[in-house]
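For what it's worth, the numbering used here labels the leading residue of the sequence shown as 1, then goes sequentially.
Beta carbons are placed, not taken as given, at the ideal position from N, Cα and C, and that holds for glycine.
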Amino acid sequence: MPSGVPLFSFHSLSLIDYLWHLSVTTFFFSLLKDLSYINVLFLSLSLLIYFLSTWSLS
Numbered sequence: 001m002p003s004g005v006p007l008f009s010f011h012s013l014s015l016i017d018y019l020w021h022l023s024v025t026t027f028f029f030s031l032l033k034d035l036s037y038i039n040v041l042f043l044s045l046s047l048l049i050y051f052l053s054t055w056s057l058s
């Protein structure tokens with residue numbers, strides 16, 4: 001990641017892509033709502049994928 005790039009950058013992904021990503025994450029959360037540690041794992045993985053995708057497209 002080049003220096004000076006903001007952590008939350010919406011230049012690479014559109015709002016629709018971001019909302020779709022959130023809806024998929026929420027869907028997994030609803031499936032696994034009783035396993036809180038799984039929720040944390042999915043949230044971490046989804047955030048990692050989101051940030052990697054924004055950095056790779058920039």
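Distance between Tyr37 and Leu22 (C-alpha atoms, nearest Å): 18 Å
What does the alpha-carbon distance come out to for the pair Phe51 and Ile16? Looking at the backbone, the Cα of Phe51 and that of Ile16 are separated by about 16 Å.
I need the straight-line Cα distance from Ile49 to Leu41, nearest angstrom please. Ile49 and Leu41: Cα-Cα distance of roughly 12 Å.
Using the beta-carbon count (16 or more within 10 Å), is Thr26 buried or exposed? exposed
Rounded to a whole number of angstroms, what is the C-alpha to C-alpha distance between Phe28 and Trp55? 24 Å
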